[in-house]
Structures are given as C-alpha cells and as structure tokens.
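2 protein chains.
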Amino acid sequence: MTETRVERKERTRRAILDAGLALCEDSSLIALSLRQVAKEVGIVPTAFYRHFESIESLGLALVDESFVSLRAMLRDIRQGAPSYADIVDRSVDILAQHVRQERAHFAFIGRERGAGPPQVRDAIHHEIDLCEHELATDLALLPGTESWSAEDLRVLSNLIVTAMVATAERLISAPQPAAEKPITETARTQLRMVLVGALNWRSRT
Amino acid sequence: MTETRVERKERTRRAILDAGLALCEDSSLIALSLRQVAKEVGIVPTAFYRHFESIESLGLALVDESFVSLRAMLRDIRQGAPSYADIVDRSVDILAQHVRQERAHFAFIGRERGAGPPQVRDAIHHEIDLCEHELATDLALLPGTESWSAEDLRVLSNLIVTAMVATAERLISAPQPAAEKPITETARTQLRMVLVGALNWRSRT
DNA sequence: AGTTTGGGTGTACGTGTGTACACCCAAACT
DNA sequence: AGTTTGGGTGTACACACGTACACCCAAACT
Chain A
287 MTETRVERKE
297 RTRRAILDAG
307 LALCEDSSLI
317 ALSLRQVAKE
327 VGIVPTAFYR
337 HFESIESLGL
347 ALVDESFVSL
357 RAMLRDIRQG
367 APSYADIVDR
377 SVDILAQHVR
387 QERAHFAFIG
397 RERGAGPPQV
407 RDAIHHEIDL
417 CEHELATDLA
427 LLPGTESWSA
437 EDLRVLSNLI
447 VTAMVATAER
457 LISAPQPAAE
467 KPITETARTQ
477 LRMVLVGALN
487 WRSRT
Chain B
287 MTETRVERKE
297 RTRRAILDAG
307 LALCEDSSLI
317 ALSLRQVAKE
327 VGIVPTAFYR
337 HFESIESLGL
347 ALVDESFVSL
357 RAMLRDIRQG
367 APSYADIVDR
377 SVDILAQHVR
387 QERAHFAFIG
397 RERGAGPPQV
407 RDAIHHEIDL
417 CEHELATDLA
427 LLPGTESWSA
437 EDLRVLSNLI
447 VTAMVATAER
457 LISAPQPAAE
467 KPITETARTQ
477 LRMVLVGALN
487 WRSRT
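Chain order of the listed sequences is A and B. Read in order, the letters of the first sequence correspond to residues 287 to 491 in this note's numbering. Read in order, the letters of the second sequence correspond to residues 287 to 491 in this note's numbering.
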C-alpha cells in the first residue's frame, strides 16, 4: 500500500475526469457544478482546484481525452486496404464498434460540440476540422480522385464527416444495442450514395 | 391604454418566451433558471408559474415556435419549380436567408437537439423526423426517382437533412455575415454531389 | 533528523436557486 | 352593485453554488 505522491495525484485526477464525464452525461458541462464532481469523487469541493482551475478546463481535458478515442477509431479505419470493395462496410462497422466501446467520449463530443462552454466548443470544432483535413488527404489517395481540386476534396470530406457524426449521435441515443442495425444500414447506404456521387463527379464536364 | 386581461396575459407570455430564447442563447435550456427569466421579463419569480409549469415546458413551447419558423422555410423552398436546374442554388439561398432572419430559432433547435432536457430533445428529433418524411415524399415527385424504394428515399432524405442542419449550424456560428459565402458554397457543392449520387443510384444494376 | 511541499480538510461567506404561502387589486362576470 | 377570478406581489425557507482562508500531515527533499 505504498503509493507515491504523483501516483496518488494521478489517481484523483482520473477520478475527477471520470466523474465529470459521467455526471455531465445527462445534461451538459455548463450545467455541471464543481461540488457535484467533488461529491462524486469523494473529496471536498476546494480540493478540486488542486487538479483543475475550473470546470471549463476540466472540459478541455475531456476534449483531449475524447479525441484520443476518436483518433484511435480513425486509425483503425485507415488501416484497411484502400479499395472500394468493402471500405464502406468496414468503416461503418468500426464506427459502430468504437461508439459502443467509448460511448461516453463520443456522446461528450456530440453534446458539447453544440452546447458547452465556448472554449470547449471551439476546441471540439478545431479537432473535427483536423479530422476532415486528414480524411481529405486520405481520399486523395483513392483511385478516381486524381483530377479533383483540393477544395472539392475538402467539401466531400466535410460531407462524409458530417454524416458520420450524425450516425454516431444516432447510435448513442439508440435505446438498445439491438436498435443499431437500421442505423448502421442507413449509414452504409448513405456512404455508398455519396461515393457514387463522388465517382461520377467531374466526369460530366 | 385599455388592455383586456387575455391581451395582457398573452403579452407577458410572449415576453417570457422571448426572454427564455434570448437567455439560453449562450449556454442552454438546462442552464437556464426560472429566476433569470423572471428578472429579464420584469416580473417576480413566482409569477412565472402563471404561464408555464416549469422551464422544461417553456422549452417545449419554444420548440413549437422554432419549428414554425423552420416549416416556413420549408414552404418557401418547396414552392419552387421542381426542376434540377436551380433547385440547389435556390434552396441554399433560402436556407441562408431564413437562418439569418430567425437566427435564434435555428440556433435553439441546433443547440437543444443535442443538449437540452430529454423531453425537449425528443420533441426536436420528432419534428426533424417529420421534416425528413416530408422531404422524402417531395423527392419521390422528382423525375428520376420513380424506381426508388421508399427506404432509399428516406435514407437520401435523411442525408440531405443532416447536411442542411450542419450547414445551418455553421451559418449560425459564422462570426460575420460576410463569412457566409464559403459556407453556402460548400453546401451547394455537397447538395450537387449528393444529387449526382442519387441520379446514378440503382442505374448500376 | 529537520524542513519543505502539496493534496486533502473544515468552516464560513455571500449569492442564486426553486417553491410555498398569504396577499393585492382591477378586469370580468352575476 | 357585488362578487369572483386570476395575473402579479412580497416575504420566507431550505438548499446548492463558487470560493476564500486557515489548517493538517505524510511523502519528498535537504
């Protein structure tokens, strides 16, 4: 039971992050109080300040953490063979799987993206922009997009990300895991429609 | 200065609705307090109950009101000739115009759709579902979709609505009206891409 | 061994919150 | 003319909030 000081601090910090994520799950960060978090963690309110200077900075830490989960998902998706064959099915499956496993993180992103303190909102939008940009460079490697302008790639990427964010949000508010299938099925069809649109883009002059 | 009783009541009710909409603009309904609203309106807190039984029911009233604005937009969009020629440009223009004019209502929908009290969230999602359904029946009238299944129509409609909601949210968080052009331009391109996808859908067997 | 450091504690404050209760008074009914 | 109705008032309560301050004590340095 010898526990070094930094270990103990890290443990409490983790507890605060977890409590914050759990407590704002029904409502939002802006409705989350420092005292609620402290009570949940089992520390006195003022001890909170030893780890974060405000609820908002807790929120920013949660943004970082949530996007670690999201980027892990993107990595999984990316390491498939870049073929049109099963890319849609694979991607949607991986999305659904990650949303299931890290539900709280994805829910946090979806929720605080629209509501949430301005700083947190901005941080999330910035991260999503980065994801869009990454997707755009990936799309550029796919066969058939050689002649595309950078702008069109960005616009397509934005459309795909938007649709996938919406899919994630739908999956999160799915009451039971059983209700996931129609949602993923819709997402698959939509991705295919967009892909068909992309493949026929600019071929008409 | 003769004012009937129902007139006066209606006037206060309006003031409460307006104050509620304005106050939750930065934050969210869940962070809105009855006392804030009362102070803004200029009545004593308990007088609030003469009009709404809780903040949440105020929220439901605001949902109704906001969707009146949104449906007005849909009506405007619909009454264009159903041709592919300028349907995209027209629709996006009308969207941007209505978002500008009824910014608070559209912002409310976008915000409380994700955060916001569960009842309010559900009400908004239900209304959006209705819009999707309406759009699907409209799409069925367009030339080229005769052979489509009802399910595919619904899926396409969902994709379009999702993209337009995202566009509206981007327009709302645009700092200046001048920043609108790239956003609408993106929306236009995306709609065209989706349309190209739709037109080539199922023609491949 | 002696001192410093720092996470956690307990008390205390002013303020904001929802809501209960008794009350007022002019418009609206009889 | 007399009574009822109902929007608005004022006081009061128990609670939750953020935060300031003095304090504790074991791990970490010297």
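Positions of the beta carbon are idealized from the N, C-alpha and C atoms, including for glycine.
Contact belief for residue i with residue j at Cβ below 8 angstroms, rounded distance in angstroms
i: Ser343/A; j: His391/A; result: Ser343/A to His391/A, Cβ: 18 angstroms. No contact.
i: Ile329/A; j: Thr298/A; result: 7 angstroms
i: Glu388/A; j: Gly345/A; result: Glu388/A to Gly345/A, Cβ: 17 angstroms. No contact.
i: Leu439/B; j: Ala426/B; result: 6 angstroms
i: Ile316/B; j: Gly402/B; result: 6 angstroms
i: Arg488/B; j: Trp434/B; result: 7 angstroms
Reference residue i; option with closest CA among the options
i: Ala452/B; options: Gly396/A, Ser377/A and Glu388/A; result: Gly396/A
i: Glu455/A; options: Glu437/A, Ala393/A and Ile410/A; result: Ala393/A
i: Glu466/A; options: Arg357/A, His419/A and Arg386/A; result: Arg386/A
i: Val349/B; options: Glu437/B, Ile373/B and Leu303/B; result: Leu303/B
i: Asp372/B; options: Asn486/B, Val292/B, Arg474/B and Arg300/B; result: Arg474/B
i: Arg300/A; options: Ser313/A, Glu311/A and Phe338/A; result: Phe338/A
i: Val406/A; options: Arg294/B, Pro331/B, Glu296/B and Ser313/B; result: Ser313/B
i: Val292/A; options: Arg336/A, Thr332/A and Gly366/A; result: Arg336/A
i: Lys295/B; options: Gln322/B, Glu311/B, Leu318/B and Val327/B; result: Val327/B
i: Val354/A; options: Val323/A, Ser369/A and Leu416/A; result: Leu416/A
i: Ala347/B; options: Gln322/B, Ala409/B, Ala464/B and Val441/B; result: Ala409/B
CB contact below 9 angstroms: residue i versus chain B
i: Thr475/A; result: yes
i: Val374/A; result: no
i: Glu388/A; result: no
i: Arg397/A; result: yes
i: Val480/A; result: yes
i: Ser459/A; result: yes
i: Leu360/A; result: no
i: Thr423/A; result: no
i: Asp379/A; result: no
i: Trp434/A; result: no
i: Ala426/A; result: no
i: Ala452/A; result: yes
Chain A contact for residue i (CB, 9 angstroms cutoff)
i: Ile363/B; result: no
i: Ser340/B; result: no
i: Arg321/B; result: no
i: Val406/B; result: no
i: Thr472/B; result: yes
i: Glu455/B; result: yes
i: Gly430/B; result: no
i: Gly328/B; result: no
i: Ala317/B; result: yes
i: Leu445/B; result: yes
i: Thr290/B; result: no
i: Gly345/B; result: no
i: His411/B; result: yes
i: Asp438/B; result: yes
i: Ser313/B; result: yes
Within 9 angstroms, strictly: CB atoms of residue i and residue j
i: Val447/B; j: Leu428/B; result: no
i: Gln476/A; j: Leu445/B; result: yes
i: Gly430/B; j: Leu485/B; result: yes
i: Ser443/A; j: Glu413/A; result: no
i: Phe334/A; j: Leu356/A; result: no
i: Asp424/B; j: Arg376/B; result: no
i: Ala449/B; j: Ala358/A; result: no
Three or more C-beta pairs closer than 8 angstroms, one from the region 480-487 of chain B and one from the region 303-317 of chain B: is that the case here?
Output reads no: the region 303-317 of chain B does not touch the region 480-487 of chain B.
Does the region 454-470 of chain B come close enough to the region 378-385 of chain B to have 3 or more Cβ pairs within less than 8 angstroms?
yes
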